[in-house]
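This report concerns only the one structure given below.
In the UniProt record's numbering, the protein residues as written are 1 to 643.
Below is the structure:
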């Protein structure tokens, strides 16, 4: 006879299993399943030795917009002894600006939303008190995990504004988590889970493999594309090509970053393959793959880029699936479960189940057929010989700020605005670890000679207050000459200057847990407002010259190419914001924030007061997990009653 305890464990296990499996141009089928289409006459793949022709053509038109918008921005920045129109009209090439938003769940999405709003001239007060117009002057916009939820929502709601998202309230309705959709409205919850189940069933019936990311992506879509009747079931990433905001070159070029996981492994390292997805292609600049494929035809069987049976599919590149691919945290949870404070019995149950899932490769995004199967350009035999391509959360290699696409010499980026909303410290603040990982990767084989400016260690980031205020890296290109000797970069002026801005509190404790899955409207607006203040230097009240200093960073590389000396104003800006190479690596960092630095006083996490030395990550994880289990059991009851 089964004991009560054994019975309870089995029901608990069943609840988790069911929860994981359930939550576990437009598609030609008008739904989630891919459908057959005519094959293009050309090969579906190309060597990664340049940007695509489609991207190059799009950039030619976008540059016309960014040049005009950059002149306006630089004029508004009140730069002294500088003629914006004359300078931009006589550049050796268009000044290319990239913006990158880190991962970090809903924290990263909401903090990043405020930072993005500070760059958008459509945001009330952004031009006067922030950096309004910088978004309109930018060429590239990259996102990873939660930062990619921001970029995806922004792009696939046709270049909407953050203010519009907040005001209409249907998009980003976060009052209830995606697991507890509809709160206690059981009917809505049932319809929600049923629709996701039907979508996944359609894809499976069409002959495609299903993974946890399919469920995750469909659930996210209900929050990001809620104004669509089908919550984006038929919305594809390649369909952005036809959206007015993109087709008319009004928005920056969006790029998703994700990591490849070598078949048969669970570990993601600095030598893992970094992939990108953009409206035209999926692929990698890394030597392990060194190839791109047309994202529209994912799902088609190919061998070295050529279709094997003259049959092509479209619709595999579902937007929610792509956004979910960049934010699949399940693999990382498996790796970290031993460090959590979950009770022993519960930990054993979860670990047993999730390890089983991981061994089946179901904990990640499965791209099958593998678009790089038998590729002549790819160096990794384990990737190109497998019938499936496995992709995971883009931050699992520690590069949580998606700089990779913006560092490629082929894109000729002059300056990158890197917004770091990571949870590196015990108090869930960034400490520069992502930049350190990107710097170190350039010296690894997978770095492929892609140069990145010098950065200090994480203790220096905090001890010298480099996370308490914006910091510029790579201010003097001539000081990076030793880097180009170790990379494939032809000129020091091709290494972008990086403007690094880390999440910090001003009017709201924005260091919420990555696993916080629900936000009230007040919490959501508080996070966004604080993000705006981070991006604007507290509405320019901390430094009225902040817009001018940003302007100095933007024009720096072109000035260096032409041998133009900086103005006194720009010299003063660089003295204030550039890292001067000093190090303070002692493990004694302050953890609370003043307007200029950090202290060791008490702080808060989210809206909960805690001692500065205590992390509440583990307790947040446990609370979220128990809620998930509860909802999983509820779903179990609903479905067992139905079927």
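Glycine is no exception: its CB is placed at the ideal position from the N, C-alpha and C atoms.
Worksheet entry | residue 289, DSSP secondary structure in three states | coil
Worksheet item: Do you know offhand how far residue 30's Cα is from residue 37's?
Response: 13 angstroms
Worksheet item: Unbroken alpha helix (DSSP H) runs of length 4 or more, entirely within the region 534-610: which are they?
Response: 546-562 and 568-577
Worksheet entry | Rounded straight-line distance, which links the Cα of residue 237 to that of residue 700 | Only positions 1 to 643 of the chain appear in the structure, and residue 700 is not among them; the question remains open.
Item to complete: Identify every run of the alpha helix (DSSP H) within the region 111-197, keeping only runs that are complete inside it and at least 4 residues long; order them along the chain.
Response: 126-129, 146-156 and 162-168
Worksheet item: Does the beta-carbon distance from residue 130 to residue 141 come in below 9 angstroms?
Response: no
Worksheet item: Distance, Cα to Cα, residue 96 vs residue 414?
Response: 5 angstroms
Practice prompt. With a threshold of 16 other CB atoms inside 10 Å of the CB of residue 55, please say whether the residue is buried or exposed.
Written response: buried
Discussion item. So for residue 399, helix, strand or coil by DSSP?
Written reply: coil
Discussion item. Starting from residue 276, trace the beta strand (DSSP E) in both directions and tell me its first and last residue.
Written reply: 274-277
Worksheet entry | Identity of the residue in 573, 43, 602 and 560 nearest residue 298 by Cα | 43
Worksheet item: So is residue 183 buried or exposed if we call it buried at 16+ other beta carbons inside 10 Å?
Response: exposed
Item to complete: May I ask you to report which of helix, strand or coil DSSP gives residue 219?
Response: helix
Worksheet item: Which ranges would you report for the beta strand (DSSP E) in the region 467-517 if only whole runs of at least 3 residues count?
Response: 471-473 and 497-502
Fill in: Host beta strand (DSSP E) of residue 88 (start-end)
Not the beta strand (DSSP E): residue 88 falls in the alpha helix (DSSP H), residues 84-89.
Worksheet item: Between the C-alpha atoms of residue 544 and residue 408, what's the straight-line distance to the nearest angstrom?
Response: 33 angstroms
Fill in: Assigned exposure category for residue 53 - 16 Cβ within 10 Å defines buried
exposed
Worksheet item: To the nearest angstrom, how far is it from the Cα of residue 280 to the Cα of residue 156?
Response: 14 angstroms
Worksheet item: Which ranges does the alpha helix (DSSP H) cover as unbroken runs of at least 4 residues, wholly within the region 29-94, from first to last along the chain?
Response: 53-76 and 84-89
Discussion item. Just to confirm my understanding: we take residue 199, look at its own chain, exclude 5 residues before and 5 after, and list those with CB closer than 6 angstroms. What are they?
Written reply: 32, 218 and 233
Worksheet entry | Span of the beta strand (DSSP E) around residue 284 | 281-284
Discussion item. I need the boundaries of the beta strand (DSSP E) containing residue 439, first residue and last residue.
Written reply: No beta strand (DSSP E) contains residue 439, which is instead part of the alpha helix (DSSP H) from 433-441.
Worksheet item: Taking three-plus beta-carbon pairs below 8 angstroms as touching, is the region 453-469 in contact with the region 519-530?
Response: no
Practice prompt. Could you give the DSSP three-state label for residue 364: helix, strand or coil?
Written response: coil
Worksheet item: To which residues of the same chain is residue 88 closer than 8 angstroms at the C-beta, ignoring the five residues directly before and after it?
Response: 67, 70, 71, 74 and 95
Worksheet item: Alpha carbon to alpha carbon, what distance is there between residue 296 and residue 307?
Response: 14 angstroms
Discussion item. Please state whether the Cβ-Cβ distance between residue 405 and residue 276 is less than 9 angstroms.
Written reply: yes
Worksheet item: Closest by CA to residue 503, which one among 450, 102 and 546?
Response: 102
Worksheet item: Short check: CB of residue 125 to CB of residue 539, under 9 angstroms?
Response: yes
Worksheet item: Is it a yes or a no for the region 557-576 touching the region 432-442, going by three-plus beta-carbon pairs under 8 angstroms?
Response: no
Fill in: Alpha-carbon spacing of residue 163 relative to residue 115, whole angstroms
12 angstroms
Practice prompt. Could you work out which residue in 185, 153, 181 and 241 is closest to residue 227 when comparing CA atoms only?
Written response: 153
Worksheet item: Out of 137, 286, 151 and 327, which has the shortest C-alpha to C-alpha gap to residue 249?
Response: 137
Worksheet item: Are residue 493 and residue 411 closer than 9 angstroms when you measure CB to CB?
Response: no
Discussion item. For the alpha helix (DSSP H) containing residue 413, name the first residue and the last one.
Written reply: No alpha helix (DSSP H) holds residue 413; DSSP gives it neither H nor E.
Worksheet entry | Start-to-end residues for the alpha helix (DSSP H) that takes in residue 455 | No alpha helix (DSSP H) contains residue 455, which DSSP labels as neither H nor E.
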